[in-house]
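Single-structure report; data block below.
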Amino acid sequence: MSFDRRAFRNALGCFATGITVVTTANDAGEPFGLTANSFSSVSLDPPLVLFCLARSSNALDAFTASGRFAVNVLAETQRDLSVRFSTAIGDRWDGVEWEAWETGAPILKGCLASLDCTTEAVHDGGDHVILVGRVKRLSSLADGKPLLYYKGDYARVEE
Numbered sequence: 001m002s003f004d005r006r007a008f009r010n011a012l013g014c015f016a017t018g019i020t021v022v023t024t025a026n027d028a029g030e031p032f033g034l035t036a037n038s039f040s041s042v043s044l045d046p047p048l049v050l051f052c053l054a055r056s057s058n059a060l061d062a063f064t065a066s067g068r069f070a071v072n073v074l075a076e077t078q079r080d081l082s083v084r085f086s087t088a089i090g091d092r093w094d095g096v097e098w099e100a101w102e103t104g105a106p107i108l109k110g111c112l113a114s115l116d117c118t119t120e121a122v123h124d125g126g127d128h129v130i131l132v133g134r135v136k137r138l139s140s141l142a143d144g145k146p147l148l149y150y151k152g153d154y155a156r157v158e159e
């Protein structure tokens, strides 16, 4: 390679992304969640999405074993949720309003969109795994702006 890891990260940071909190629950109903910007649509028919999860994540086993996950697309007013689910602070779920739909994965209240998924496939992705999910139920708001990530920091959509 003619570039180092930092140069690679800097180049990738030029691509603005939305921010999600991806959630799951184990068989006992215990919720797990983490902030992720590595989310993408895959297919309209069937309805498939994906997200990438670091192999070093403490939640890796929960996500790969559960067979389900939800993607919660954050609104610009939900920066606190992004921070909460991206850091190792106490109980991430304390005071967070959520509900469970068909799969049992937590659906966070007030998000721009939420997608309830069953795991369709898990693929190798280097230091990450790629989880592909089949969307079983969704919701989205007609109004609102996304919380964005750009060049290593939060960003906003300006009009």
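The UniProt record's numbering puts the first residue of the sequence shown at 1, with every later residue one more than the last. Backbone N, C-alpha and C define an ideal beta-carbon position, used for all residues, glycine too.
#1: VAL132 and VAL71 look like a contact to me (Cβ under 8 angstroms); what is the Cβ gap, rounded to whole Å?
#2: Can you list, in chain order, the stretches of the alpha helix (DSSP H) that have 4 or more residues and sit fully within the segment 55-142?
#3: Quick one, are the C-beta atoms of LEU147 and ALA75 less than 8 angstroms apart?
#4: Near LEU60, what residues of its chain come up, given a Cβ to Cβ distance below 8 angstroms and the 5 sequence neighbours on each side ignored?
#5: Within 8 angstroms, do at least three Cβ pairs link the segment 87-99 to the segment 3-17?
#6: Out of curiosity, what's the CA-to-CA distance linking ALA142 and THR103?
If we stick to the structure as given:
#1: No, VAL132 and VAL71 are not in contact; Cβ-Cβ is about 12 angstroms, not under 8 angstroms.
#2: The DSSP assignment places 60-66 and 79-84 as complete runs of the alpha helix (DSSP H) inside the segment 55-142, in order along the chain (cut-off: 4 residues).
#3: Yes, they are a contact pair.
#4: These residues qualify, in order along the chain: LEU53, ALA54 and VAL129.
#5: No, they do not touch.
#6: For ALA142 and THR103, the distance between alpha carbons rounds to 24 angstroms.
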